[in-house]
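Numbering of the sequence shown is given in the working numbering, commencing with residue 4 and proceeding in unit increments.
Each residue gets a CB set at the ideal place from its N, CA and C atoms; glycine is no exception.
These notes are about the structure you will find just below.
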Amino acid sequence: MDKVTCIAFLLYHSSKSQDIREKAIQLLNGDVSIRDLKRNTVIQAHLILAESALRKNNIDKLKIQQFAEEFLLLEV
Numbered sequence: 004m005d006k007v008t009c010i011a012f013l014l015y016h017s018s019k020s021q022d023i024r025e026k027a028i029q030l031l032n033g034d035v036s037i038r039d040l041k042r043n044t045v046i047q048a049h050l051i052l053a054e055s056a057l058r059k060n061n062i063d064k065l066k067i068q069q070f071a072e073e074f075l076l077l078e079v
């Protein structure tokens, strides 16, 4: 899995806030960048924690794949 997908997954599961979850889905679909999210003070702390967890590399790849399958929008 790529870095952005992993961060989107961790961000989505880091909070029950609908706004944070929507931003995670937008990140997954490329509608917003990590740089844009770092400018948002509400999401910034969650994003830092997600990046830290990614560096520790203790993420279930199957759960990330299921997350991407559920929320990734494909345009044909």
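Could you say which of Ala-48, Ile-28 and Ser-20 lies nearest to Ile-67 if we only look at CA atoms? Along the sequence shown, read from residue 1 onward, the residue named residue 67 stands at position 64. Closest option to Ile-67, Cα to Cα, is Ile-28.
For Ser-55 and Ile-37, I'd like the C-alpha separation in whole angstroms. Along the sequence shown, read from residue 1 onward, the residue named residue 55 stands at position 52. Along the sequence shown, read from residue 1 onward, the residue named residue 37 stands at position 34. Answer to the nearest angstrom: the Cα atoms are 14 Å apart.
So Val-45 is in the alpha helix (DSSP H); what residue range does that whole segment cover? Looking up residue 45 in the sequence shown gives position 42. Run containing Val-45: 44 to 59, per the alpha helix (DSSP H) assignment.
Residue environment, Lys-6, which counts as buried when at least 16 other CB atoms sit within 10 Å: Counting from one through the sequence shown, the residue named residue 6 turns up at place 3. Under this definition Lys-6 is an exposed residue.
Secondary structure of Leu-40, DSSP reduced to three states: Here residue 40 corresponds to residue number 37 of the sequence shown, with the count starting at 1. Three-state DSSP puts Leu-40 in a helix.
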